[in-house]
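Q: Just so you know, we're using this note's numbering here: the sequence shown kicks off at -6 and counts up by one.
In this text, a Cβ means the ideal position worked out from N, Cα and C, and glycines have one as well.
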Amino acid sequence: MIKLVAFDVDGTLRDRDFLPESTRLALQRLKDQGIMLALCTGRSEFEMTSLREELDIDWAITCNGCHIGYRGKTVFGTAFHAGTIQEWLQHADQLKHTLLLYGAEGMFTNQQHAPYFLQAQQEIGFMDPILLEKTDKVPDIYQCIVFCDGEQEQLYVGEERNQYYMHRWRTWALDINPSGMNKAVGLQKLIDHLGITTDEVAAFGDGLNDLEMLQSVGMGIAMGNADESLKPKARYVTRSLREDGIAYAVDTWIL
């Protein structure tokens, strides 16, 4: 019996500002059956506040598994070493790269109105980050997005690239997370905290950063609009987001 369902956000629960009414109703049916819900996303806790509250979801696993919050309050967190972030900020300043840094209670950047960031903001939506001055103390950071191409990423991860979890979601944009972290690791921490088993968990996703999560749970479900290389790794493939894919899967396989 499924006791917890985890949802990726972009491309799974919603497409920019579009969230199907059928999805809202399906989430309510899950809650009516006593099933717990969690967001599980590469975005930050700060960005997810309004959606989590709108959908009345208690748990959010954010920053590709590096931060776990309950109603917005940190329960578990795996942050970068502060020296690493300072070093990356120096690189970015020299190379004129834009960094987007995810903390628990805010998003930060080294430069505003940069072209790649503005393009990402237009394509998938980002809240406006806080500009970091060189003298500012940087808070705990759980994820860094570097707006650079594949060759330039070496300037940040170098020979230690295996020490990070990386997800390139555009040719010019790369998520970097601390060593050993991904959505499956974050979700497992929540599973252990709740005292349930992986067989009692279902998860929905559409992107390659959902791969480990879908393979780690009892019922991994890929969206119909998912990356084609993700679909064979899932237990089920549902319809697309805009074809009521969440509702179809909830009624067909979970309830």
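Run through the DSSP bridge pairs and tell me what tyrosine 229 is partnered with.
A: Note: tyrosine 229 sits in a beta bridge opposite Ile214.
Q: Pairs of beta-carbons, one from the segment 54 to 64 and one from the segment 79 to 93, closer than 8 Å: are there three or more?
A: No, they do not touch.
Q: Going by DSSP in three states, histidine 160 sits in which element: helix, strand or coil?
A: Looking at histidine 160 - three-state DSSP - the assignment turns out to be strand.
Q: Let me make sure I understand the geometry here. Which of Glu47, Pro108, Asp203, Glu14 has the alpha-carbon closest to that of leucine 263?
A: Absent from the structure is residue 263, since the part of the chain shown begins at -6 and ends at 248.
Q: Between Ala227, Ile189, Asp220, which lies nearest to methionine 29 when the distance is taken from Cα to Cα?
A: It is Ile189.
Q: Which residue spans inside the segment 18 to 68 form an unbroken alpha helix (DSSP H) run of at least 4?
A: List check, alpha helix (DSSP H) in window: 38 to 47.
Q: When DSSP builds the beta bridges, which residues end up paired with isoleucine 123?
A: In the DSSP output, where bridge partners are listed per residue, isoleucine 123 has Phe101.
Q: Helix, strand or coil: how does DSSP classify leucine 94 here?
A: DSSP places leucine 94 in strand when its eight states are reduced to three.
Q: Less than 8 Å between CB atoms is the rule here; does tyrosine 63 satisfy it with respect to chain D?
A: Given the protein chain composition of this structure (a single chain), no chain D is represented.
Q: Let's test the definition: count the other Cβ atoms within 10 Å of the Cβ of lysine 176 and tell me whether it reaches 16, buried, or not, exposed.
A: Per the 10 Å Cβ criterion, buried.
Q: Across which residues does DSSP place valine 243 in a beta bridge pair?
A: Bridge partners of valine 243: none, in fact.
Q: Pull up the distance between the alpha-carbon of aspartate 244 and that of glutamate 193, whole angstroms please.
A: Rounded to the nearest angstrom, the two C-alpha atoms are 16 Å apart.
Q: What's the C-alpha gap between threonine 16 and arginine 232?
A: Answer to the nearest angstrom: the Cα atoms are 12 Å apart.
Q: Going by DSSP, which residues form a beta bridge with glycine 198?
A: Answer is Ala215, bridged to glycine 198.
Q: Can you give me the Cβ contacts of valine 210 inside the same chain, cut-off strictly under 6 Å, excluding the 5 residues immediately before and after it?
A: Contacts found: Thr191, Val194, Ala196.
Q: Nearest-angstrom Cα distance between leucine -3 and glycine 173?
A: Their backbone Cα atoms lie some 23 Å apart in a straight line.
Q: Which of helix, strand or coil does DSSP assign to aspartate 185?
A: Helix, per DSSP.
Q: In terms of alpha-carbon separation, which member of Gly118, Gly217, Gln105 lies closest to aspartate 199?
A: Cα-wise, what sits closest to aspartate 199 is Gly217.
Q: Please return the same chain residues whose Cβ sits closer than 8 Å to the Cβ of isoleucine -5, not counting the five positions on each side in sequence.
A: Around isoleucine -5: Ile28, Glu193, Val194, Ala195, Gly211, Met212, Ile247.
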